[in-house]
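See structure below.
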Amino acid sequence: MFYVMIILFVIGYLCIALEHPLKVNKAAFALFLGVTMWVLYVIAGEGIFDITGYGAGFEEFKLEHPDSVHPFIDFLTTHELIHHLGDIAEILFYLMGAMTVVELIDTYQGFSIITDHIKTTNKVKLLWILSFITFFFSAILDNLTTAIVMVTLLRKLIPDKHDRWFFGGMVILAANSGGAWSPIGDVTTIMLWVAGKVSTGAVMTHALIPSLVSMIIPLIIVSFVERGEIDASQRPKEDKSLKVPAWQRNLIFFMGVAALVFVPVFKILTHLKPYMGIMLGLSILWITTEILHKTSQDENRRYTISGVLTRIDLPTILFFLGILLAVAGLQSAGHLSMLAVGMDSLFHGNYYLVDTVIGMLSSIVDNVPLVAGVMGMYEFPMDHTLWVYLSYCAGTGGSLLIIGSAAGVAVMGMEKIDFVWYLKKITPYALLGYLAGAGVYVLMDKFIFAADAVEQLSQATAVMPF
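In this note's numbering, the protein residues as written are 22 to 487.
Given below as structure tokens:
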């Protein structure tokens, strides 16, 4: 069963990656994979530890529970599964809260406060403006939501489909770069931050400049390629369907952004988990919107949190639940510990190379299970080079292919961008930016943050299966 679990995981992974050709939502495959991995784990029994040598926790459990009739089953259900489910729930509740806040802002058309001020029709100038807006929006919100907002903006500013495809590709690159240096900018950085692998200060100071380089290098090159003007006469008319006053739109926009930005501050002040901070912000917005519309007709209930919750992307939440459960099964059974030893042997403990390869792999398959796997493979102190550099690599590496990130998949679905077109037109720029940012990170880590790196390295211990 040990090897069957590996085979099943690979098959499930391929099904998730081939979501569009198979025309089956990846959440369905992820949930099936997550549950089946634990079923196989149960069938394998405690004999699986004879292969992995990962049975120390089980032996301790048996000593602590001598009266257990079925110690292995009890170990899995009351110890391992509950422990992993607690960690997973922290991520899911944070995502649910953040998605609800962003959806509320979008419902009030709050993002138009910024986008309505963009008037230029010069392609190069517009590309730089949109890229930097995307970069910083992604750091404050998240790359998926930012990509959706920016595609909506592109439809207003760029009528030509092929021009919009190119701008959409650069939005993907900027969104992933922007999300990599913020603890709340990307699902993978959220995972590392919530799990206590990186701190807010470390990921922002170490990854900001490399992330910026990974966007600016492609922008400089593209500036010599994309010339000309956008035909402003073909731009669509402004949507006048908003049924709330402008002051309410502004209020919800600033309150929503403040709720998202306050989460890292909340964690520092209270030492509570980020999902508590986002739930606090969500509750305040909920109270506010209920008061604003308490005398409104039923049709205006869509402007309250109650209405917004019905439009949350639940399949995305279930996808994360399934894939994280599957990775947790591999971690608990000991597969990831064996993989850690293999990667250490292959790369001779060079964690820069480990993370760089993982980042490039994240363009082929989803970066969420990749990062979850690495988190289960190593036990390093907070802000170790492996973790901080991983936030850069896993975030920006997904730009290499359009299916390599949530932002890319969203833009691909909204604009129907062709996979091969992206591979030819955007991937070369994304690769140059990724490698340039990686080089800058390594140089900064060796010459600017060298003292911290030496101290962390002396504390680092990989999780060994024997």
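C-beta: ideal position from N, C-alpha, C; glycine also.
Tell me whether residue i is buried or exposed, calling it buried when 16 or more other Cβ atoms sit within 10 Å of its Cβ.
| i | result |
| --- | --- |
| Phe275 | exposed |
| Asn371 | exposed |
| Phe132 | buried |
| Phe70 | buried |
| Ser327 | exposed |
| Gly277 | buried |
| Trp307 | buried |
| Gly200 | buried |
| Tyr34 | buried |
| Asn197 | buried |
| Asn164 | buried |
| His405 | buried |
| Ile469 | exposed |
| Lys144 | buried |
| Gly118 | buried |
| Asp181 | exposed |
| Glu85 | exposed |
| Lys47 | buried |
| Val304 | Position check: residue 304 holds Ser in this sequence, whereas Val was assumed. By the 10 Å Cβ count, Ser304 comes out exposed. |
| Val90 | exposed |
| Ile126 | buried |
| His183 | exposed |
| Ser366 | exposed |
| Pro336 | exposed |
| His227 | buried |
| Gly380 | buried |
| Val475 | Its pLDDT being 44, under 50, Val475 is placed unreliably by the model, and the measurement read from it follows with that caveat. So Val475 counts as exposed. |
| Glu124 | buried |
| Trp268 | exposed |
| Lys467 | exposed |
| Ile312 | exposed |
| Ile237 | buried |
| Val246 | exposed |
Let's see if you can read the secondary structure: which residues bound the alpha helix (DSSP H) around residue i?
| i | result |
| --- | --- |
| Thr310 | 295-313 |
| Ser235 | 221-243 |
| Glu111 | 102-128 |
| Asn271 | 267-291 |
| Leu342 | 335-354 |
| Arg323 | Counting along the chain, Arg323 falls outside any alpha helix (DSSP H), and DSSP gives it neither H nor E. |
| Pro42 | 40-43 |
| Leu374 | 372-382 |
Who pairs with residue i in a beta bridge, going by DSSP?
| i | result |
| --- | --- |
| Asn143 | Glu250 |
With distance defined between alpha-carbon atoms, name the residue in the options nearest to residue i.
| i | options | result |
| --- | --- | --- |
| His41 | Gly458, Leu240, Leu339, Ile423 | Ile423 |
| Phe158 | Ile205, Gly363, Leu313 | Ile205 |
| Ala428 | Phe79, Leu194, Tyr462 | Leu194 |
| Phe23 | Glu101, Leu357, Leu374 | Leu357 |
| Thr417 | Ile242, Val31, Leu233 | Leu233 |
| Ile55 | Leu106, Lys44, Glu81, Gly78 | According to the sequence as given, residue 55 is Gly; it is not Ile. Checking every option, the nearest Cα to that of Gly55 belongs to Leu106. |
| Asp12 | Phe156, Trp408, Ala393 | Absent from the model: residue 12. The displayed extent of the chain is 22 to 487, so no value can be given. |
| Val329 | Leu382, Thr121, Val31, Met359 | Thr121 |
| Ile289 | Ile385, Gly217, Ile37 | Gly217 |
| Trp214 | Tyr296, His369, Val123 | Tyr296 |
| Lys446 | Arg176, Ile134, Met191, Phe50 | Met191 |
| Ile103 | Gly458, Lys140, Asp127, Trp59 | Trp59 |
| Pro435 | Gly78, Thr173, Asp137 | Checking the sequence, you will find Met at residue 435 rather than Pro. The candidate whose alpha carbon is nearest that of Met435 is Thr173. |
| Ala451 | Tyr62, Leu240, Ile179 | Leu240 |
| Asp439 | Ile134, Arg185, Ala393, Leu178 | Arg185 |
| Ile32 | Ser412, Leu456, Leu464, Ala347 | Ala347 |
| Val395 | Leu345, Val432, Gly460 | Leu345 |
| Leu113 | Thr209, Tyr399, Tyr462, Ser384 | Thr209 |
| Val432 | Ile333, Phe188, Arg270 | Phe188 |
| Tyr413 | Leu147, Pro231, Gly66, Phe368 | Pro231 |
| Lys130 | Gly425, Val170, Asp108, Leu229 | According to the sequence as given, residue 130 is Gln; it is not Lys. Checked all of Gly425, Val170, Asp108, Leu229; the closest Cα to Gln130 is Val170. |
| Met403 | Thr141, Val45, Leu43, Ser220 | Ser220 |
| Lys177 | Thr141, Lys294, Asp207, Ser203 | Thr141 |
| Asp3 | Thr57, Ala279, Gly397 | Lying before the first or after the last residue shown, residue 3 is absent from the chain, which here runs from 22 to 487. |
Hey, is residue i close to the ligand SAH, as in C-beta under 7 Å from one of its heavy atoms?
| i | result |
| --- | --- |
| Asp334 | In the structure shown, the ligand SAH is absent, as is every other ligand, since no ligand is present at all. |
Enumerated in chain order, which unbroken segments of the alpha helix (DSSP H) with a length of 4 residues or greater are wholly contained in the region 407-451?
Runs found: 427-436, 440-446.
Jot down the residue ranges of each uninterrupted beta strand (DSSP E) in the region 49-102, minimum 3 residues, whole runs only, in chain order.
Here no run is fully enclosed.
Any beta strand (DSSP E) of 3 or more consecutive residues that is wholly inside the region 155-228
none
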